[in-house]
Amino acid sequence: MTQYTPLNQNPKTVLFINPNAPFPDLHHCAVERLTAVKNLMACLSTADLKDPDEKHLAHVAQAACLLLQDSCDVLEVMEVRLDKFGD
């Protein structure tokens with residue numbers, strides 16, 4: 009049975025990564041999340057924020073943080089597998 013890797017978001021996580029998933033699938037997962045964060049930041053950088061609602065900005069920041077953490081977790085799984093190839 010595959011030992012799944014928990015996402016680092018929450019100590020009681022229910023979301024896991026299959027560390028044995030094909031590399032293209034892991035890469036696609038990470039890239040999707042990184043692209044979503046990039047697009048969120050692009051929206052913020054071009055938005056007219058003369059009087060931003062702090063609550064809305066906090067929600068965007070939280071979403072970006074979750075997506076970035078997911079991406080980092082997937083990339084870490086990929087790095088572990090790549091390190092095994094180098095041994």
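Throughout the sequence shown, residue numbering follows the numbering used here, covering 9 to 95 in sequence.
Each residue gets a CB set at the ideal place from its N, CA and C atoms; glycine is no exception.
Predicted, not measured: the structure shown is a model, and the values here were computed from it.
Alpha-carbon spacing of residue i relative to residue j, whole angstroms
i: proline 60; j: valine 39; result: 29 Å
i: glycine 94; j: methionine 86; result: 13 Å
i: proline 19; j: serine 79; result: 18 Å
i: alanine 29; j: tyrosine 12; result: 10 Å
i: glutamine 77; j: cysteine 37; result: 12 Å
i: lysine 92; j: leucine 65; result: 41 Å
i: leucine 23; j: leucine 15; result: 6 Å
i: isoleucine 25; j: aspartate 33; result: 11 Å
i: lysine 63; j: phenylalanine 31; result: 38 Å
Proximity winner among the options, relative to residue i (alpha-carbon distances)
i: glutamate 84; options: Thr21, His35, Ala50, Lys20; result: His35
i: arginine 89; options: Pro27, Ala66, Asp56; result: Pro27
i: alanine 44; options: Leu74, Thr13, Phe93, Gln11; result: Leu74
i: alanine 69; options: Asp56, Leu52, Lys58; result: Leu52
Residue environment, residue i, which counts as buried when at least 16 other CB atoms sit within 10 Å
i: methionine 9; result: Residue placement at methionine 9 cannot be trusted, given a pLDDT of 45 that sits under 50; what the coordinates show is reported in the next sentence. Exposed: under 16 other Cβ atoms inside 10 Å.
i: aspartate 81; result: buried
Check whether residue i and residue j have beta carbons under 9 Å apart
i: leucine 48; j: alanine 71; result: yes
Helix, strand or coil at residue i according to DSSP, with G and I counted as helix
i: proline 14; result: strand
i: methionine 9; result: Because the pLDDT at methionine 9 is just 45, under 50, the model does not fix this residue reliably, and the value given afterwards should be weighed accordingly. Looking at methionine 9 - three-state DSSP - the assignment turns out to be coil, as it is neither helix nor strand.
is_contact[residue i, chain B] using C-beta, thresh 9 Å
i: arginine 41; result: No chain B is present in this structure, which holds just one protein chain.
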